[in-house]
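Counting from 2, one number per residue, gives the positions in the sequence shown under this note's numbering.
Note that beta-carbon positions come from the ideal geometry of N, C-alpha and C, so glycine has one too.
Please read the structure below before turning to the comments.
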Amino acid sequence: MNRSASLPKAPLQHRWRNWLLTIITLAIIVWSFTGMPSLEIKPNAWVVTKSIAAGLAHPDFSYVWTGDGEDLTSTLLQTLGIAFLGTFISAIISLP
């Protein structure tokens, strides 16, 4: 005997509703993309790309440490200190 269990079909009203919701959703998605500007490469994109590549290939390390407190190292340490202090304060406040 071949008794394969199969699910009953959904009523016609439910199938129409599902298709209608799918079509409406797709229409909204298509409509939302119509207002976007086209994806195009700007005329100066290659100049910017070459400048970024040159900066990555030959970095300028003069700004890393200048000793005046406005350099990268001092600012990085200040940021880490703020993060540590904020974490410590939030841990104290969150205690029951």
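Reduced DSSP category for residue i - H, G, I as helix; E, B as strand; rest coil
i	result
VAL65	coil
ASN19	helix
ALA6	coil
ALA84	helix
LYS51	helix
SER91	helix
GLY70	coil
Other residues of its chain near residue i: CB distance less than 8 Å, five sequence neighbours each side excluded
i	result
TYR64	ASP72, LEU73
Cβ shell of residue i (< 7 Å), same chain only, five flanking positions each side left out
i	result
GLY56	none
ALA84	none
Below-8 Å beta-carbon distance, residue i vs any chain B residue
i	result
ILE25	Although the question refers to chain B, the structure presented lacks it and comprises just one protein chain.
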